[in-house]
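Chains as they are written, first to last, in this note's numbering: chain Y, 39 to 115; chain X, 256 to 425. Using N, Cα and C, we set each Cβ at its ideal position, and we do this for glycine too. Right, one structure below, let's go through it.
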Amino acid sequence: APLAGKDRDSIAKDYLTKLYGLPKQSSPDSEKRASSEMNQRLKEMQQFFRLKVTGKLDDETLEVMKKPRCGVPDVAA
Amino acid sequence: YSTFQGNYKWKKHALTYRIENYTPDMSVAEVDDSIKRALQVWADVTPLRFSRVNRGTADIMISFAVGDHQDGYPFDGPDGFLAHAFPPFEGLGGDAHFDDDEKFSFRSPEGYNLFLVAAHEFGHSLGLDHSQDPGALMFPTYVYRDIDTFALPKDDVNGIQSLYGPNPDI
Numbered sequence: 039a040p041l042a043g044k045d046r047d048s049i050a051k052d053y054l055t056k057l058y059g060l061p062k063q064s065s066p067d068s069e070k071r072a073s074s075e076m077n078q079r080l081k082e083m084q085q086f087f088r089l090k091v092t093g094k095l096d097d098e099t100l101e102v103m104k105k106p107r108c109g110v111p112d113v114a115a
Numbered sequence: 256y257s258t259f260q261g262n263y264k265w266k267k268h269a270l271t272y273r274i275e276n277y278t279p280d281m282s283v284a285e286v287d288d289s290i291k292r293a294l295q296v297w298a299d300v301t302p303l304r305f306s307r308v309n310r311g312t313a314d315i316m317i318s319f320a321v322g323d324h325q326d327g328y329p330f331d332g333p334d335g336f337l338a339h340a341f342p343p344f345e346g347l348g349g350d351a352h353f354d355d356d357e358k359f360s361f362r363s364p365e366g367y368n369l370f371l372v373a374a375h376e377f378g379h380s381l382g383l384d385h386s387q388d389p390g391a392l393m394f395p396t397y398v399y400r401d402i403d404t405f406a407l408p409k410d411d412v413n414g415i416q417s418l419y420g421p422n423p424d425i
């Protein structure tokens, strides 16, 4: 079944936090900064997997995030 | 291919490994064989040689664990993260951990083939980072390959030989 927007976001946040250095928490007043951070990390991930680099969470990007994989981060920790 | 930032590599060619525990998914002999062959993949193309120890601390400590196993990188239940390994350095360096919430297999394409997962993780244990080449063993996502005809892809051979050079016996 298609995932709801919130589930998609939470999958993406979890993936980017663990593998692309997205900061874990952001205060409510820094929503804009958090969104820009998320776009940046999404771009890095899309670039790594040679996907279309948009900084947006599209279906193709989400599919890659759901694949079984190694837990070592793709960017230097 | 890519190597870890900071030039992590073993300063010696004779490395030891120890299997600390076993997954219930496979027999002890199957796990032993999968691990041995996964290390041999890298030994075939480099001067690195691996010998097994059954006690004490080995360069590459191998274990099966679930959830938070106290290394700062908790596993996440079935699917998702299958395993992880640390680049070469003292202590935790080189160690490989496998998520025992996965179903590992010996020869079958069902579940996750332990030989393939381990061969990837040992690439990290020796100093390779993830490759962006989708055909490389060091590509981050799991793909089943026929293990009877498995040959280390060229990208991985180039990567590991950039760290240790070629196998002098060939």
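Could you pull the DSSP bridge partners for residue 272 (chain X) from this structure?
Residue 272 (chain X) pairs with X:307, X:315.
If you draw a straight line from the C-alpha of residue 75 (chain Y) to the C-alpha of residue 274 (chain X), how long is it?
40 Å
Quick one: does residue 91 (chain Y) have its CB under 8 Å from some CB of chain X?
no
Bridge partners - residue 360 (chain X), DSSP secondary structure assignment
In DSSP, residue 360 (chain X) forms a bridge with X:368.
Within this structure, are the beta carbons of residue 406 (chain X) and residue 373 (chain X) separated by less than 8 Å?
no
Can you have a look at residue 368 (chain X) and say buried or exposed, based on whether 16 or more other CB atoms are within 10 angstroms of its CB?
buried
Among X:394, X:376, X:412, X:386, nearest to residue 289 (chain X) - alpha-carbon criterion:
Taking only the C-alpha atoms, the option nearest residue 289 (chain X) is X:376.
So that I know if they touch, is there some Cβ in chain X lying closer than 8 Å to that of residue 71 (chain Y)?
no
Are the CB atoms of residue 57 (chain Y) and residue 51 (chain Y) nearer to each other than 8 Å?
Result no, Cβ atoms of residue 57 (chain Y) and residue 51 (chain Y) do not sit closer than 8 Å.
Which residues, in chain order, does the stretch 365 to 382 of chain X contribute to contact with chain Y at a C-beta distance below 9 Å?
367, 372, 375, 376, 379
Would you call the stretch 295 to 303 of chain X in contact with the stretch 331 to 346 of chain X, where contact means no fewer than 3 C-beta pairs closer than 8 Å?
no
Note down the Cα distance separating residue 396 (chain X) from residue 360 (chain X), rounded to an integer number of angstroms.
Residue 396 (chain X) and residue 360 (chain X) have their C-alpha atoms spaced approximately 17 Å apart.
Identity of the residue in X:315, X:342, X:370, X:357 nearest residue 385 (chain X) by Cα
Here the closest residue by C-alpha is X:342.
Under 7 Å Cβ-Cβ, which residues of chain X neighbour residue 112 (chain Y)?
What residue 112 (chain Y) touches in chain X: 385, 395.
Buried versus exposed call for residue 107 (chain Y) [16 or more other C-beta atoms within 10 Å across all chains shown]:
buried
Quick check: what's the CA-CA separation for residue 371 (chain X) versus residue 402 (chain X)?
8 Å
For residue 415 (chain X), which of X:278, X:302, X:284, X:308 has the nearest alpha-carbon?
Taking only the C-alpha atoms, the option nearest residue 415 (chain X) is X:302.
Quick check on DSSP: helix, strand or coil for residue 258 (chain X)?
strand
Per DSSP, what kind of secondary structure is residue 107 (chain Y) in: helix, strand or coil?
In the structure shown, residue 107 (chain Y) sits in a strand (DSSP, three-state: E or B).
To which residues of the same chain is residue 305 (chain X) closer than 7 Å at the C-beta, ignoring the five residues directly before and after it?
270, 272, 294, 298
Our contact map puts residue 80 (chain Y) next to residue 54 (chain Y) with C-beta atoms below 8 Å; I'd like the distance itself, whole angstroms only.
7 Å
8 Å Cβ cutoff, residue 107 (chain Y) in contact with chain X:
It does; some Cβ of chain X falls within 8 Å.
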